[in-house]
Ligand SMILES: [Mn+2]
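In this note's numbering, the protein residues as written are 942 to 1261.
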């Protein structure tokens, strides 16, 4: 099985490059849970990636860098240290020099927190609930992995959902992700974390409240229709556009939903587009002159307020 082979490769890699290790990780629940598991296993240092588009520059070169739940860049890394990639996103065509441990082609697909748990703790451990929280966020509650299903059964789906949502609230509020990892590390199970007054947990609850309030405000915006495009606009200091797009996608299955978050805290408009197949959100928005990134059913972009106004004017003109 791949995991056993990968575990040996990982051990060999660590032995060949002794010294302080650093994990650079994603900021969603899968990335944070992976980081917490890696920290429990290695005691190394953690650094959250400030964006998914660009890897951070490191102040010094650690003995090994572990890249967790972040797509591997084709152009190589922003450091010279030997690198281990633990991930489930499709790797680039041309792989930079690294040890690549990646489940992107598995059926069913696994996520990084599951992979991290298997690599360091095997199929079962007292930390399984952390891997399950990450998996629930990335794969949903139906994914057929004993590690996930066992934890859902042990702790109950509502409690695990609450935990996942709490861990995700830090990046949804554009807050600090470190308290989420500390909360995972300082508690032995979902129940004690959820009922805790640990500062990390208190901080996450504040983030969650903030997102909830911003979301309630954003949900009250009504769509404008331009052909098969439904545009929803609101102003916010919280990146809630993708959640709002998700909500409207269900309500308007025949449309491409384009949600625009005019940020009140900086001069950008964050766009999130969603469509139910077979409408291809990316292609249709590209035809309308927008540069968007993502998958056929979900895409995003960041525009300047001027670019956004220009886009809207064009829509008004072509759909009077
Ligand atoms: Mn992931």
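In this text, a Cβ means the ideal position worked out from N, Cα and C, and glycines have one as well.
Would the region 1171-1187 and the region 1109-1124 be scored as touching if the rule is three or more Cβ pairs under 8 Å? Touching, per the Cβ criterion.
Spatial neighbours of residue 1035 in its chain, beta-carbon cut-off 6 Å, leaving aside the 5 residues before and after: So the qualifying residues of the chain are 1015.
Take residue 1020 and list the residues in its own chain whose beta-carbon comes closer than 7 Å to its own, dropping the five residues that flank it on each side. Closer than 7 Å at Cβ, skipping near neighbours: 999, 1002, 1006.
Between residue 1053 and ligand 1, is the CB less than 8 Å from at least one heavy atom? Residue 1053 Cβ: within cutoff of ligand 1.
Could you have a look at residue 1217 and say whether DSSP puts it in helix, strand or coil? Taken through DSSP and simplified to helix, strand or coil, residue 1217 comes out as coil.
Could you give the distance in angstroms between the alpha-carbon of residue 893 and the alpha-carbon of residue 1123? Examination of residue 893 is not possible in this model, given that the chain is present from 942 through 1261 alone.
Quick one: complete beta strand (DSSP E) runs, 3+ long, within the region 1117-1162? The region 1117-1162 is shown to contain no whole beta strand (DSSP E) run of 3 or more residues.
Rounded to whole angstroms, what's the CA-CA distance from residue 1247 to residue 1162? Just pull it up for me. About 21 Å.
Determine the burial state of residue 1230: buried for a count of at least 16 other Cβ atoms within 10 Å of its Cβ, exposed for fewer. With fewer than 16 other CB atoms across the displayed protein chains lying within 10 angstroms of its CB, residue 1230 is exposed.
Separation of residue 1128 from residue 1139, as counted between CA atoms: Each residue's alpha carbon lies about 9 Å from the other.
Can you find the residues in the same chain that come closer than 8 Å, C-beta to C-beta, to residue 1148, ignoring five residues on each side of it along the sequence? Within the same chain, and ignoring the five residues on either side of residue 1148 in sequence, the residues whose Cβ sits closer than 8 Å to its Cβ are 1110, 1111, 1113, 1114, 1116.
For residue 1204, does the three-state DSSP call read helix, strand or coil? Correct three-state label for residue 1204: strand.
Kindly examine ligand 1 and report whether one of its heavy atoms sits closer than 8 Å to the Cβ of residue 1075. Yes, ligand 1 has a heavy atom inside 8 Å of this Cβ.
If you run the structure through DSSP and keep just helix, strand and coil, what is residue 1171? Under the three-state reduction of DSSP, residue 1171 is assigned to strand.
Tell me, which residues are paired with residue 1211 by DSSP? Assignment of beta-bridge partners to residue 1211 by DSSP yields 1202, 1243.
Check for me: the beta strand (DSSP E) holding residue 966 runs from which residue to which? Unbroken beta strand (DSSP E) run through residue 966: 962-966.
Would you mind working out which of 1232, 1160, 1239 sits nearest residue 1202, comparing C-alpha positions? The closest CA to that of residue 1202, considering only 1232, 1160, 1239, is found on 1160.
Taking DSSP as the reference, what is the three-state secondary structure of residue 987? Residue 987 falls in the strand class under three-state DSSP.
Tell me the start and end of each unbroken alpha helix (DSSP H) in the region 1027-1087 that is at least 4 residues and wholly inside, in chain order. Taking only runs of at least 4 residues, the alpha helix (DSSP H) segments lying wholly in the region 1027-1087 are 1053-1062, 1069-1080.
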